[in-house]
Amino acid sequence: MCGIVGYIGEEQAAPFLLGGLQKLEYRGYDSAGVAVYNGTGLHVVKSKGRLSVLDGILQGGRALPGVVGIGHTRWATHGAPSDVNSHPQVSDGGMFAVVHNGIIENYLQLKNHLLRRGVEFVSDTDTEVVAQMLEYYYKGDVLEAIGQVTDRVEGSYALGIICADCPEKVFAVRKDSPLIVGLGHGENFIASDIPAILSKTRDICRLRDREIAVLEKDTARFFNADREPIEKEPERVQWDISAAEKGGFEHFMMKEICEQPEALRKTISPRIRDGRIVLDDVELTAEQVRRISKVFIVACGTSYHVGVVAKYAFEKLLRVPMEVDVASEFRYRDPILDEDTLVIIISQSGETADTLAALREAKKRGARVLSIVNVVGSTIASESDDVLYTWAGPEIAVASTKAYSTQLAVIYLVALYMAQELGHTPPAEMAAYIEDLQRLPDLASASLADKETIQYFASKYFNAKDIYFIGRNVDYAASLEASLKLKEISYIHSEAYTGGELKHGPISLLEDGTLVVAACTYGRLFDKMMSNVREVKARGAVVLGITTRDREESLKQETDYQFCIPKITDFMLPSLSIIPLQLFAYYVASMKGCDIDKPRNLAKSVTVE
Ligand code: F6R
Numbered sequence: 032m033c034g035i036v037g038y039i040g041e042e043q044a045a046p047f048l049l050g051g052l053q054k055l056e057y058r059g060y061d062s063a064g065v066a067v068y069n070g071t072g073l074h075v076v077k078s079k080g081r082l083s084v085l086d087g088i089l090q091g092g093r094a095l096p097g098v099v100g101i102g103h104t105r106w107a108t109h110g111a112p113s114d115v116n117s118h119p120q121v122s123d124g125g126m127f128a129v130v131h132n133g134i135i136e137n138y139l140q141l142k143n144h145l146l147r148r149g150v151e152f153v154s155d156t157d158t159e160v161v162a163q164m165l166e167y168y169y170k171g172d173v174l175e176a177i178g179q180v181t182d183r184v185e186g187s188y189a190l191g192i193i194c195a196d197c198p199e200k201v202f203a204v205r206k207d208s209p210l211i212v213g214l215g216h217g218e219n220f221i222a223s224d225i226p227a228i229l230s231k232t233r234d235i236c237r238l239r240d241r242e243i244a245v246l247e248k249d250t251a252r253f254f255n256a257d258r259e260p261i262e263k264e265p266e267r268v269q270w271d272i273s274a275a276e277k278g279g280f281e282h283f284m285m286k287e288i289c290e291q292p293e294a295l296r297k298t299i300s301p302r303i304r305d306g307r308i309v310l311d312d313v314e315l316t317a318e319q320v321r322r323i324s325k326v327f328i329v330a331c332g333t334s335y336h337v338g339v340v341a342k343y344a345f346e347k348l349l350r351v352p353m354e355v356d357v358a359s360e361f362r363y364r365d366p367i368l369d370e371d372t373l374v375i376i377i378s379q380s381g382e383t384a385d386t387l388a389a390l391r392e393a394k395k396r397g398a399r400v401l402s403i404v405n406v407v408g409s410t411i412a413s414e415s416d417d418v419l420y421t422w423a424g425p426e427i428a429v430a431s432t433k434a435y436s437t438q439l440a441v442i443y444l445v446a447l448y449m450a451q452e453l454g455h456t457p458p459a460e461m462a463a464y465i466e467d468l469q470r471l472p473d474l475a476s477a478s479l480a481d482k483e484t485i486q487y488f489a490s491k492y493f494n495a496k497d498i499y500f501i502g503r504n505v506d507y508a509a510s511l512e513a514s515l516k517l518k519e520i521s522y523i524h525s526e527a528y529t530g531g532e533l534k535h536g537p538i539s540l541l542e543d544g545t546l547v548v549a550a551c552t553y554g555r556l557f558d559k560m561m562s563n564v565r566e567v568k569a570r571g572a573v574v575l576g577i578t579t580r581d582r583e584e585s586l587k588q589e590t591d592y593q594f595c596i597p598k599i600t601d602f603m604l605p606s607l608s609i610i611p612l613q614l615f616a617y618y619v620a621s622m623k624g625c626d627i628d629k630p631r632n633l634a635k636s637v638t639v640e
């Protein structure tokens, strides 16, 4: 995934583009570049490395005068990170400069076609094909050239384009990759994501697939794939710019970990009224709930781990069969679905390529799709039958934390809503669940209160070579997420296993001093977990145990270190146990000196397959 930004107005473009790219750096950070129309032609400056390298070359933008431009921060897909493969890519004759997020799947075929016609290529990127095709099809009408190109390219793209012949315009088009247009006064913008332009405007239009935007400083016009003019209704961004800034924290990740209680409150409280779950945004009658014969949860990464917790909640409350699948598998495995299947799609960004493809596959097969999404108006949100938003606010750190917590909260809301509509659960039990859900934000605050214990523990083990997480039932689900969090930001090898699986293989990995984190919050299997703890300790492991406060004393007898969380309904336990585990990953990565918000090889949203 990459970040795109564009500007047209009366101010200098380059300083704004660099500022916008800084807000988008979470989307990719192996190279960056800008192209500006400087009065005589398109001037491109780009460089391998972090944005700070480009910023230095451009002296904060001062070295590249001009009031029209596009910028890009890259996460390499086609061609290694290098100066020449960085964007903007420029056409052979210098007529077009293009920035791109996505993948042109048939680029080789298109490239060969142009090579046979004498076009010379300089980079290994799929994006250069777009720039070259634009010039090839350009006969004096840029809109038409863009249409000719999008008629031919396959794959996903968000494109920002400037043309030497039209120095007073910025063009944009997208398919399956996000792109917004920002509307200002005497200036207009394009960007992959809102934070890039929020310092300038709150009025945005989202481009839908194959829609084209033509921006001049005082106008923004839109066209459909047939190049016919269309009207678009602007929407107003409600959240504040401070939500997308660090606000005194050293890293976005820590800020977002600490924002979890508030994010939970915003996600949960409007949906509970008079002791009942109210999902205003969803049309799911009691009759429809009764007809659901199977539920699928489909997602990737951390969002998938929410699905693993969901299985316990849904099966407990609804006794309906449920499958949880990673989207990249689901989309290719010929799943058995029909109109009585509910498919729940979970995605923070709402743009993950595999998740989007899974959604489309599910709809093609007749299933009803309910999505749980954080980014308002994202592609997944707009293509689903129903959407429930997580009100986590912008999540900037690559490692997901508050999105996970709020996705879990929405899962509980959906499961409880369906149970409420079915009416099988005794009222007192329902009331207790709903009460616990309402307490969740405060209990999350309580779990955050003792950061020092985790920090101290991290200081002792940040040099570990391998770390294992074990748990049973919902504790296993939380362990999967804890292990992912640790490995993605600290680069320490880590695995999660169910306690019961240890002796079927993984226990052979343990050596004297290996760190094992045992999540033992699920009361019914606490004793079983203590047996597992004894097994690993007998092989030399050092054990950090996590449990609920009522079991602290028992845990102390078996483990080397302990962390306690408040007690809550079983299936909600991961919402609390994950907090010390997120903190652990954070502190370990911080002590190792890792780039916490932008871990190597990763990008915030994976808009390519
Ligand atoms: C891990 C992480 C990823 C995402 C995954 C899905 O911290 O953030 O594993 O969870 O790429 O992304 P979304 O939820 O945007 O579909």
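Position 585, counted from 1, in the sequence shown is what our numbering calls 616; the numbers after and before it change by one each time, with no gaps.
Beta carbons are placed, not taken as given, at the ideal position from N, Cα and C, and that holds for glycine.
Everything numeric in this text was worked out from a predicted model, so none of it was measured.
Cβ-Cβ separation, residue j to residue i (assumed contact under 8 Å), whole Å
{"i": "A508", "j": "P597", "result": "Incorrect: roughly 18 Å between the Cβ atoms, too far for contact."}
{"i": "G100", "j": "A66", "result": "6 Å"}
{"i": "S378", "j": "A330", "result": "6 Å"}
{"i": "L295", "j": "L471", "result": "5 Å"}
{"i": "V130", "j": "P119", "result": "5 Å"}
{"i": "L141", "j": "V121", "result": "In fact, because the Cβ distance is near 17 Å, the residues do not count as touching under 8 Å."}
{"i": "A384", "j": "E640", "result": "5 Å"}
{"i": "G502", "j": "A549", "result": "7 Å"}
{"i": "G571", "j": "E542", "result": "6 Å"}
Top-ranked residue by Cα proximity to residue i, from the options
{"i": "Q291", "options": "P198, W422, E370 and G215", "result": "W422"}
{"i": "S223", "options": "L210, G217 and T232", "result": "L210"}
{"i": "L401", "options": "T383, A389, G50 and L373", "result": "L373"}
{"i": "L259", "options": "M164, D207, I177 and T333", "result": "It should be noted that the sequence gives Glu, not Leu, for residue 259. The option with the nearest alpha carbon to E259 is I177."}
{"i": "D628", "options": "C197, L556 and S431", "result": "S431"}
{"i": "Y617", "options": "D591, M560, I599 and E483", "result": "E483"}
{"i": "E199", "options": "K433, L517 and E41", "result": "E41"}
{"i": "N137", "options": "P630, T158 and D497", "result": "T158"}
{"i": "V75", "options": "Q451, E56, A128 and E414", "result": "A128"}
{"i": "E466", "options": "K394, V84, L444 and A398", "result": "L444"}
{"i": "P265", "options": "R237, F254, N504 and G278", "result": "R237"}
{"i": "Y335", "options": "E532, C625, Y553 and A513", "result": "A513"}
{"i": "S608", "options": "S510, A195, R147 and R350", "result": "S510"}
{"i": "F345", "options": "D86, M603 and V84", "result": "M603"}
{"i": "F493", "options": "R582, A341, L474 and Y522", "result": "Y522"}
Simplified DSSP assignment, three categories, for residue i
{"i": "C649", "result": "Outside the displayed span of the chain (32 to 640) sits residue 649, for which this structure offers no information."}
{"i": "P260", "result": "strand"}
{"i": "N405", "result": "coil"}
{"i": "R302", "result": "helix"}
{"i": "S117", "result": "coil"}
{"i": "Y167", "result": "helix"}
{"i": "T579", "result": "strand"}
{"i": "R205", "result": "strand"}
{"i": "R147", "result": "helix"}
{"i": "T104", "result": "strand"}
{"i": "N69", "result": "coil"}
{"i": "V161", "result": "helix"}
{"i": "S78", "result": "strand"}
{"i": "K277", "result": "coil"}
{"i": "Y138", "result": "helix"}
{"i": "A446", "result": "helix"}
{"i": "A317", "result": "helix"}
Bounding residues of the alpha helix (DSSP H) (the contiguous stretch that carries residue i)
{"i": "L210", "result": "No alpha helix (DSSP H) holds L210; DSSP gives it neither H nor E."}
{"i": "C289", "result": "F283 to C289"}
{"i": "H109", "result": "Looking at the DSSP string, H109 is not in any alpha helix (DSSP H), and its letter there is neither H nor E."}
{"i": "A45", "result": "A44 to L55"}
{"i": "I88", "result": "L82 to I88"}
Contact with chain B by residue i, beta-carbon distance below 8 Å
{"i": "V98", "result": "Although the question refers to chain B, the structure presented lacks it and comprises just one protein chain."}
Beta strand (DSSP E) segment containing residue i, residue limits
{"i": "I35", "result": "G34 to I39"}
{"i": "L174", "result": "Taken as a continuous stretch (DSSP letters only), L174 belongs to no beta strand (DSSP E), being part of the alpha helix (DSSP H) at V173 to R183."}
{"i": "F220", "result": "N219 to A222"}
{"i": "S562", "result": "Per DSSP, S562 belongs to no beta strand (DSSP E); it is in the alpha helix (DSSP H), F557 to A569."}
{"i": "A549", "result": "L546 to A550"}
{"i": "V130", "result": "F127 to I135"}
{"i": "P526", "result": "Here residue 526 turns out to be Glu, not Pro, going by the sequence shown. It spans H524 to T529 - the beta strand (DSSP E) in which E526 sits, taken as one unbroken run."}
Could you name each continuous beta strand (DSSP E) segment of 3 residues or more that falls completely within the segment 332-383, going from the start of the chain to the end?
-> 353-357 and 372-378
With a floor of 4 residues, list each alpha helix (DSSP H) that falls wholly inside the segment 587-638, ordered by position along the chain.
-> 604-622
Beta strand (DSSP E) runs wholly inside the segment 224-252, at least 3 long, in chain order = 234-237 and 243-246
Which runs of the beta strand (DSSP E) spanning at least 3 residues fall entirely within the segment 454-516, listed in chain order?
-> 497-502
Jot down the residue ranges of each uninterrupted beta strand (DSSP E) in the segment 386-439, minimum 3 residues, whole runs only, in chain order.
-> 399-404 and 417-420
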